[in-house]
Structure formats: structure tokens, C-alpha cells
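Remarks on the structure that follows.
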Amino acid sequence: MESVQKKGYVIHKLEASGNSALKTEKRQAEPFIQDEEALARRNKRIISLGRLSVAVLIVLCWELFTRIGWMDAYYWSSPVRILNTTWTQITEGTLLEDVAYTSSSTILGFIGGTLLGSLLGLSFWWSRRFAGISEPFLILLNAMPKLALAPVLVILLGIGFFSKVALAFAMTVVVAALSAHSGVQSVDKDMEKLMYSLGAKRHQVFTKVVIPWAMPWMISSLRINIALSLAGAIVGEFIASSHGIGRMVIYAGTILDINLVWVGVVVLSVLSMVMYTGVVLLEKWLSKGYGMKKV
233 MESVQKKGYV
243 IHKLEASGNS
253 ALKTEKRQAE
263 PFIQDEEALA
273 RRNKRIISLG
283 RLSVAVLIVL
293 CWELFTRIGW
303 MDAYYWSSPV
313 RILNTTWTQI
323 TEGTLLEDVA
333 YTSSSTILGF
343 IGGTLLGSLL
353 GLSFWWSRRF
363 AGISEPFLIL
373 LNAMPKLALA
383 PVLVILLGIG
393 FFSKVALAFA
403 MTVVVAALSA
413 HSGVQSVDKD
423 MEKLMYSLGA
433 KRHQVFTKVV
443 IPWAMPWMIS
453 SLRINIALSL
463 AGAIVGEFIA
473 SSHGIGRMVI
483 YAGTILDINL
493 VWVGVVVLSV
503 LSMVMYTGVV
513 LLEKWLSKGY
523 GMKKV
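Mapping of the sequence shown onto the working numbering: residues 233 to 527, in sequence order.
Structure follows, in C-alpha cells:
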């Protein structure tokens with residue numbers, strides 16, 4: 233606001249402040265455009281930094297508490313001891329071979345169980361009678377504790393590699409079949425009628441409508457199946473095996489080597505995270521291929 237003295241009177245000029253107020257109001261009225269991609273990247277960085285910070289804090293507290301006696305180092309070991317034991321097992325032991333053994337049986341069982349189970353679930357579309365007959369048996373197999381079959385599979389197939397693959401396969405095939413069957417049941421009947429009315433053959437409806445429609449259900453089972461297949465392979469190694477992380481953990485427990493037990497636990501945790509990340513990338517690739525934004 234400006235003041236001017238003229239003939240003994242003080243005249244206040246409000247034009248400037250009025251314009252400022254109008255400009256301020258105009259600026260406030262302007263729409264605020266937010267860059268969603270930049271915000272998403274910023275949130276992703278914050279989340280990643282937060283995860284890393286929590287992990288570092290857990291490791292530091294674990295090491296500190298075992299050193300000052302708040303945690304019993306015999307039972308809980310410590311990050312430094314686990315790291316030293318891991319390096320010893322890598323350089324002098326068979327840790328890398330055990331990791332490769334467990335990973336191979338898990339991945340083979342996961343691939344075989346997911347593919348065969350998905351094909352079985354998709355086949356229910358071809359015959360409602362076949363689906364009606366098979367569905368209760370699938371539910372029964374899904375409810376049955378399949379890990380109880382581990383001794384039977386080890387006896388049938390031996391203590392070698394294929395018994396672990398078979399158990400990982402048994403853990404995943406039923407879940408994949410039920411997921412695919414759920415997708416088949418959700419197919420839009422009107423879409424099928426439309427395809428038939430346009431002259432499409434049955435196999436064309438299956439490939440162009442049924443499979444893409446059921447794909448989200450099949451993809452959603454991948455994360456569950458990779459965890460189940462790893463659990464099956466590990467339990468098979470617990471029962472009887474000459475290689476694998478499960479065998480190493482059981483052996484370390486029998487000789488009371490707590491550090492080696494924790495090495496097995498940490499390696500399995502890292503291995504499961506790597507496999508889970510791989511499955512997430514596979515989901516994104518499949519979702520992109522079938523035009524799905526989110527599974």
C-alpha cells in the first residue's frame with residue numbers, strides 16, 4: 233500500500249495491494265498438477281531406504297545384544313559368527329553345492345507342478361462332467377497335509393534328487409489346478425456365446441477367451457507355489473538326503489553346531505527372497521504380455 237500527501241490530505245493507493253491480492257488469489261486458484269510417476273518413484277525410494285534401514289538396525293541390535301549378554305550367544309549366535317561360518321563353508325565346505333541342489337529341486341518342482349496343475353484346471357472347461365467328478369478330489373488333496381507324503385516319496389524314489397523334486401511338485405500341482413479352475417469358472421458366458429455366434433470354433437474360444445480370462449488366477453498362484461515348492465524340497469532333505477541346505481541344517485543340529493544351523497536359516501531366507509523376486513518379475517512379464525495392469 234502506497235501513501236501520497238496532496239493538499240494536506242493523505243491519499244492511500246490500494247491498487248497495488250489489490251492487484252497483489254488478486255494475483256495471490258489467482259495463484260491459489262490455479263490447479264496444482266502433481267507428477268504421479270515422480271511421486272511413485274519417490275515413494276519407492278523411501279520404502280527401499282526404510283527396508284534397508286530396518287534390516288541394518290536388526291543386524292546391529294542382534295550383534296550388540298549378543299556381545300553385551302542380553303541375548304544368549306550360544307542359542308542365537310551372532311551376525312559376525314554367522315558370516316565367518318558362511319565363508320568357511322563356502323571356501324572349505326559344500327555350501328555352494330547345497331544351494332544349487334536345493335534351488336534346482338525347488339525350481340523343477342515349481343515349474344512342473346505349476347504347468348501341469350494349470351493344464352489340469354484349464355481342461356475342466358472342456359467337460360463339466362469331468363470337472364464335477366474331479367473337483368471334490370482336488371479339494372480333498374488340497375486339504376490333505378502333503379508333507380506327510382515325504383517319507384513315502386523318499387521310500388519310493390530314494391534319497392536322491394528326484395524325491396525332492398516330486399515333493400515340491402506335489403506341494404504345487406493342486407494349488408495351480410484349483411487356481412486355474414477358479415479362472416475357468418469365472419469366464420463370461422456371454423462372451424463365449426458371442427464368439428460362437430461369430431463362427432468361432434471351440435478351440436478358438438479356448439485359446440482366445442478362456443486362457444486369457446483365467447490367466448490372472450493362474451498368475452496369482454505363482455507366489456504361493458514358489459514358497460510351497462521350497463518348503464517341500466527342504467522337508468524332503470530333512471527326511472533323507474546327501475545334499476542340500478535342509479541336510480546341512482539337520483546335520484548341524486545333530487552335532488550341536490548352532491552357528492551352522494543359523495547359516496542354513498540365513499541362506500534359506502536369502503534364497504527364498506531371490507526366488508520370490510524372480511516370480512514377481514515373471515508375474516509382471518506375463519501380466520504385460522496379456523495386457524493386465526495388476527494381478
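Yeah, the Cβ is synthetic: ideal placement off N, Cα and C, and Gly gets one too.
Assignment of E324 by DSSP, reduced to helix, strand and coil, places it in the coil class. The residue from V407, A382, V312 and T320 with its alpha-carbon nearest to that of K396 is A382. M505 and V511 have their C-alpha atoms some 10 angstroms from each other. When Cβ pairs closer than 8 angstroms are counted between the two stretches, the segment 400–417 is seen to touch the segment 350–361, the count reaching three or more. DSSP places I387 in the helix class (H, G or I) of the three-state scheme.
Per the C-alpha coordinates, the member of Y508, G464 and I387 positioned closest to R455 is Y508.
Per DSSP, reduced to three states, the secondary structure at K440 is helical.
Proximity of the segment 443–459 to the segment 414–430 meets the contact definition, three or more beta-carbon pairs being nearer than 8 angstroms.
An exposed status is given to V288, since fewer than 16 other beta-carbon atoms sit within 10 Å of its beta-carbon. Only buried fits L385, as 16 or more other CB atoms lie within 10 angstroms of its CB. For L372, the uninterrupted alpha helix (DSSP H) run begins and ends at R360 to A375, by DSSP. Separation of K520 and S452 (C-alpha to C-alpha, rounded to the nearest whole angstrom) is 14 angstroms. By the Cβ test, the segment 428–436 is not in contact with the segment 316–331, since fewer than three Cβ pairs between them sit closer than 8 angstroms. Nearest neighbour of T338 by Cα position, chosen from V441, A398 and V419, turns out to be A398.
Taking the Cα of E469 as reference, the smallest distance to any Cα among S461, V502 and G478 is reached at G478.
With contacts defined by Cβ atoms closer than 8 angstroms, S473 and I391 form a contacting pair. Residues S395 and A398 of the same chain have their beta carbon placed closer than 8 angstroms to that of L389, with the five preceding and five following residues left out of the count. In the three-state scheme derived from DSSP, where H, G and I count as helix and E and B as strand, K276 is classed as helix. Distance from the CA atom of Y483 to the CA atom of G325, rounded to whole angstroms, is 13 angstroms. G345 sits close to N457, with the two beta carbons spaced by under 8 angstroms. Linking V467 to W358 through their CA atoms gives a straight-line distance of about 36 angstroms. Counting the other CB atoms within 10 Å of its CB gives G341 a total of 16 or more, which places it among the buried residues. With a 10 Å radius around the Cβ and a threshold of 16 neighbouring Cβ atoms, A465 comes out buried.
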